[in-house]
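What follows is a short report on a single structure.
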Amino acid sequence: MQDIIRLLPESLANQIAAGEVVQRPSSVVKELLENAIDAKATQIHLIVKDAGKTLIQIIDNGKGMSETDARMSFERHATSKISSSDDLFAIRTFGFRGEALASIAAVAQVELKTRTEKQETGTLIEIEGSKIEKQEAVATPKGTSIAVKNLFFNVPARRKFLKSDAVEFKHVLEEFQRVALTNPQVSMSLHHNDQEIYNLRNGKPAKRIIGLFGKSYQEQLIPCQEDLEVIKVEGYIGKPESSKRTKGEQFFFVNGRYIRHASLHHAVMNAFEGLLPDGNYPFYKLSIEIDPKDVDVNVHPTKTEVKFSDERTVYAVVSAAVKQALASYGIAPSIDFGI
Ligand code: ADP
Ligand code: MG
Numbered sequence: 276m277q278d279i280i281r282l283l284p285e286s287l288a289n290q291i292a293a294g295e296v297v298q299r300p301s302s303v304v305k306e307l308l309e310n311a312i313d314a315k316a317t318q319i320h321l322i323v324k325d326a327g328k329t330l331i332q333i334i335d336n337g338k339g340m341s342e343t344d345a346r347m348s349f350e351r352h353a354t355s356k357i358s359s360s361d362d363l364f365a366i367r368t369f370g371f372r373g374e375a376l377a378s379i380a381a382v383a384q385v386e387l388k389t390r391t392e393k394q395e396t397g398t399l400i401e402i403e404g405s406k407i408e409k410q411e412a413v414a415t416p417k418g419t420s421i422a423v424k425n426l427f428f429n430v431p432a433r434r435k436f437l438k439s440d441a442v443e444f445k446h447v448l449e450e451f452q453r454v455a456l457t458n459p460q461v462s463m464s465l466h467h468n469d470q471e472i473y474n475l476r477n478g479k480p481a482k483r484i485i486g487l488f489g490k491s492y493q494e495q496l497i498p499c500q501e502d503l504e505v506i507k508v509e510g511y512i513g514k515p516e517s518s519k520r521t522k523g524e525q526f527f528f529v530n531g532r533y534i535r536h537a538s539l540h541h542a543v544m545n546a547f548e549g550l551l552p553d554g555n556y557p558f559y560k561l562s563i564e565i566d567p568k569d570v571d572v573n574v575h576p577t578k579t580e581v582k583f584s585d586e587r588t589v590y591a592v593v594s595a596a597v598k599q600a601l602a603s604y605g606i607a608p609s610i611d612f613g614i
């Protein structure tokens, strides 16, 4: 009898794993921006061609990687961010699994240039479909530049299922906005097909919102804060007159991670009740800090859904925070709905 089971070649295993992490250009953007932030960059440039289908390049001035680390970073389950299961429990909210670079390199042509402060020369690595094609010393500024070319060049079925450039770029833009919103201390720029979309200097959170969504918010942002023992809500809401007929400028972050949450959205809408023209949505950017044990993010790390163990309390606190912010600016419906 002949044995028929064999181990998948690593490149194929990586490609399969990549299917979970890398769905579209914006998934790459998210992972690489997060890596740059983790590397303590104070300046990040994102350059995109054809909505990221042809090129996604991220240049950061963060801590860079040594020659060995640069090579290691493309190995699956290779990470500098966790080393024990205790760590895993503490930061699992962010899904640090050491899989992003390995996954991206499995389905694209990647050029990495990186240098740490201590090194005189940096490292260049070219990797394509998980195979290192080139590694050599290179002169490069401190920090890391990763260029991801021709995403899914070796997975035609995936490439075919990408949407139009307009749709894919919208996703890219949204990822950029989410990272930019939570990291106003970092200067960030975005170029698409040689056009400058954003060039944001670091500064206060409100300045970042205005930089991202326009000067019309200059007089329109109301700070929002509610500090309880178990939960903290903080951020900005837009005045009712700046509300828009289209969605897209509503943001929740839980412990620094962007989430979507229908019920919490409802909590905000409820607080705005009677203040908005029918069918309009207010701007909001609300960051919720909560004990990680009270929020279940044990879904896939690329997903944006979470479950709170006590959703009613979170709902009430968010709603109260928004009502209070509106009231303190003299904007409130005549009836107090209470909480
Ligand atoms: P993870 O972020 O989950 O650790 P990644 O595959 O995204 O996994 O990255 C692997 C490792 O490569 C990181 O843990 C980090 O040490 C290093 N790395 C990745 N991107 C950068 C960067 N921009 N600057 C410095 N180090 C980086
Ligand atoms: Mg990462």
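Each number in our numbering comes from the position in the sequence shown (counting from 1) with 275 added on.
C-beta: ideal position from N, C-alpha, C; glycine also.
Just to confirm the assignment, what range does the alpha helix (DSSP H) spanning residue i have?
i: PRO300; result: 300-313
i: MET347; result: 342-347
i: PHE558; result: Note, PHE558: premise wrong, no alpha helix (DSSP H); not H, not E.
i: ILE400; result: Per DSSP, ILE400 belongs to no alpha helix (DSSP H); it is in the beta strand (DSSP E), 397-403.
i: LYS445; result: 440-457
From which residue to which residue does the beta strand (DSSP E) around residue i run?
i: ILE357; result: Note, ILE357: premise wrong, no beta strand (DSSP E); not H, not E.
i: PRO498; result: 496-502
i: PHE428; result: From DSSP, PHE428 is part of no beta strand (DSSP E); its letter is neither H nor E.
i: MET544; result: Not the beta strand (DSSP E): MET544 falls in the alpha helix (DSSP H), residues 537-546.
i: TYR533; result: 532-534
i: ALA412; result: 406-413
i: ASP335; result: 330-335
i: GLU471; result: 470-475
i: GLN525; result: 525-529
So what does residue i bridge to, in DSSP terms?
i: ARG434; result: Note: ARG434 sits in no beta bridge, so no partner.
i: ASP571; result: LYS582
i: TYR590; result: DSSP, once it has assigned bridges, lists no residue as partnering TYR590.
i: ARG390; result: GLY418
i: LYS514; result: In DSSP, LYS514 forms no bridge with anything.
i: ILE519; result: It should be pointed out that residue 519 corresponds to Lys in this sequence rather than to Ile. Answer is TYR556, bridged to LYS519.
i: GLN384; result: GLU403, LYS424
i: ILE322; result: GLN332, HIS466
Under a Cβ-count criterion, where at least 16 other Cβ atoms within 10 Å of its own Cβ denotes burial, should residue i be classed as buried or exposed?
i: LYS406; result: exposed
i: GLY613; result: Its pLDDT being 48, under 50, GLY613 is placed unreliably by the model, and nothing is read from it.
i: ALA602; result: exposed
i: GLU580; result: exposed
i: SER594; result: buried
i: ALA441; result: exposed
i: SER286; result: exposed
i: LEU561; result: buried
i: LYS388; result: buried
i: ALA412; result: exposed
i: ILE512; result: buried
i: LEU465; result: buried
i: PRO557; result: buried
i: PHE436; result: exposed
i: VAL592; result: buried
So for residue i, helix, strand or coil by DSSP?
i: THR254; result: With the chain covering 276 to 614 only, the question about residue 254 has no answer from this structure.
i: GLN290; result: helix
i: GLU564; result: strand
i: GLY486; result: helix
i: ALA596; result: helix
i: ILE280; result: coil
i: LEU465; result: strand
i: ILE379; result: helix
i: GLU509; result: strand
i: VAL297; result: coil
i: GLY613; result: The predicted model places GLY613 with a pLDDT of 48, which falls under 50 and marks its position as unreliable; any figure quoted below should be read in that light. DSSP places GLY613 in coil when its eight states are reduced to three.
i: LEU550; result: coil
i: GLU350; result: coil
Any contact between the stretch 317-326 and the stretch 402-416? By contact I mean 3 or more CB pairs, one from each, below 8 Å. no
Check whether the stretch 393-412 and the stretch 331-351 touch, using three or more Cβ-Cβ pairs below 8 Å as the test. yes
Taking three-plus beta-carbon pairs below 8 Å as touching, is the stretch 539-550 in contact with the stretch 482-499? no
Pair every Cβ in the stretch 370-380 with every Cβ in the stretch 347-356, then say whether three or more of these pairs are closer than 8 Å. Short answer: they touch.
Are there three or more Cβ pairs, one per stretch, closer than 8 Å when the stretch 304-317 is compared with the stretch 447-463? yes
Would you check if the stretch 329-337 and the stretch 478-486 touch, i.e. whether three or more CB-CB distances between them fall below 8 Å? no
Are three or more beta carbon pairs between the stretch 529-542 and the stretch 492-511 nearer than 8 Å? Contact between the stretch 529-542 and the stretch 492-511 is absent, because fewer than three Cβ pairs lie under 8 Å.
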